[in-house]
Amino acid sequence: MLTTRANGIGAVSGAIASVVITLLVKLLTPLHWATYLPVAIGSCLIVGYIVSLLVPEKPKDLTGLTIFTPKL
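Going by this note's numbering, the first residue of the sequence shown is number 17, and it counts up by one from there.
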């Protein structure tokens with residue numbers, strides 16, 4: 017995990033939005049198929065992060081689970 021702000025609702029929302037956005041890009045644009053992966057990953061990260069900020073969850077102890085935990 018790269019952030020402590022992400023939550024499950026944001027992850028699921030990002031995944032669903034990623035599928036929808038990638039299908040729209042495939043069907044409505046003449047872009048090469050190799051651009052679908054960056055579109056899918058980018059839309060998943062952006063939508064997931066925004067939804068995670070808008071729908072907070074109870075704080076959890078993330079010690080040792082992110083890159084921000086200092087090594088001892």
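Beta carbons are placed, not taken as given, at the ideal position from N, Cα and C, and that holds for glycine.
Keep in mind the model is a prediction, meaning the values are calculated, not measured.
Notebook entry, point to check: Given T85, which residues of its chain have a CB within under 7 Å of its CB, disregarding the five upstream and five downstream residues?
Noted result: T79
So is G58 buried or exposed if we call it buried at 16+ other beta carbons inside 10 Å? exposed
Worksheet item: Which residues in the same chain have their Cβ closer than 7 Å to the Cβ of L47, if we skip the five residues on either side of it in sequence?
Response: V41
When DSSP labels each residue in this structure, what does G58 get in the three-state scheme? In the structure shown, G58 falls within a helical segment according to DSSP collapsed to helix, strand and coil.
Quiz prompt | Neighbourhood of V13 by C-beta distance below 6 Å, restricted to the same chain and skipping five residues each side | solution = Nothing can be reported for residue 13, as the shown portion of the chain is limited to 17 through 88.
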